[in-house]
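Residue numbers (the numbering used here): 2 to 287. Using N, Cα and C, we set each Cβ at its ideal position, and we do this for glycine too.
Below, the structure is given as structure tokens:
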């Protein structure tokens, strides 16, 4: 009985050793190393309408056993914008034994800049009771070099309700993101004035209601005033009948040394009527 147990143990040991030898032999014979991906440039510059075909320029993949497998290369992922119009592109290649290798490089978009806002009329509205965001954003446009018109994708971010029934000022943040993940935003004030007072209220018209300025540079707020009218609203063709010199300008909150969004407030009072005011949005960029 003891001899039988000993024999069984020896037979098991021999079988185990044979299995291990066979397993290690198969591993050594097998191909477990993926292709080597090489690029002729560490950073690639492309046009704004670049596709995967453009991203793959100058990229090759060679496998130790299968040779040139460049045809298997794909663009696996393109990151959101990092900075300076740059994105990280991840490439992948596969050999005949399904071994996958990956590599990445920076791709720079030639002539890229973040989406830009423009505002044809101020965020100033008569009290109507409407709460439709599209009404508030009607005059705000956004142009993007990759996606084109993003005006319909602007979001209003606020911690409070913009009550168009009640005259007053309501702070909001306006934000938009393009398909490459580049998000831009600015802070603004929605001004609601009493519709009953509109005919007697002075309206200060500006040549622009949103301007961009490079950090360190300044604008002349007074030069943006085009006319001041009694009544009529901001879409009126009435001639200016109030002296521009009566307009008070408050630009104390604008920090031209720091990137961000600010507002310049223009205000004027004519006779016994209500005071009129309007805001110029100033976006200071790097």
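{"query": "Test item: CB-CB of residue 245 and residue 226 under 9 Å", "result": "yes"}
{"query": "Own chain residues within Cβ distance below 8 Å of residue 35, not counting five before or after", "result": "64, 94, 95, 96, 100, 101 and 102"}
{"query": "Inter-residue spacing [alpha-carbon to alpha-carbon] between residue 41 and residue 106", "result": "11 Å"}
{"query": "Boundaries of the alpha helix (DSSP H) in which residue 54 is found, first to last residue", "result": "53–56"}
{"query": "Residue nearest to residue 249 in terms of C-alpha spacing, selected from 267, 258, 86 and 75", "result": "267"}
{"query": "Other residues of its chain near residue 172: CB distance less than 6 Å, five sequence neighbours each side excluded", "result": "190"}
{"query": "Same chain, Cβ closer than 8 Å to residue 59, five either side skipped, listed in chain order", "result": "40, 41, 42 and 45"}
{"query": "Inter-residue spacing [alpha-carbon to alpha-carbon] between residue 108 and residue 251", "result": "44 Å"}
{"query": "Option nearest residue 71 by Cα separation, candidates 177, 37, 281 and 81", "result": "37"}
{"query": "8 Å contact criterion, which residue 165 and residue 193 should meet: CB distance rounded", "result": "6 Å"}
{"query": "Pairwise C-alpha distance: residue 155 and residue 187", "result": "11 Å"}
{"query": "Residue 181 to residue 62 span [Cα, whole Å]", "result": "27 Å"}
{"query": "First and last residue of the uninterrupted beta strand (DSSP E) at residue 40", "result": "37–40"}
{"query": "Closest residue to residue 138 among 115, 167 and 176 (Cα-Cα distance)", "result": "176"}
{"query": "Alpha carbon of residue 208 to alpha carbon of residue 198, nearest angstrom", "result": "24 Å"}
{"query": "7 Å CB neighbourhood of residue 247 in its chain, flanking five on each side removed", "result": "269"}
{"query": "Per-residue DSSP class, three states only, for residue 106", "result": "strand"}
{"query": "Neighbourhood of residue 152 by C-beta distance below 8 Å, restricted to the same chain and skipping five residues each side", "result": "138, 141, 142 and 143"}
{"query": "From 87, 116 and 280, residue whose alpha carbon lies closest to that of residue 178", "result": "116"}
{"query": "Distance, residue 205 Cα to residue 215 Cα", "result": "26 Å"}
{"query": "Exposure of residue 240, with buried meaning 16 or more beta-carbon neighbours within 10 Å", "result": "exposed"}
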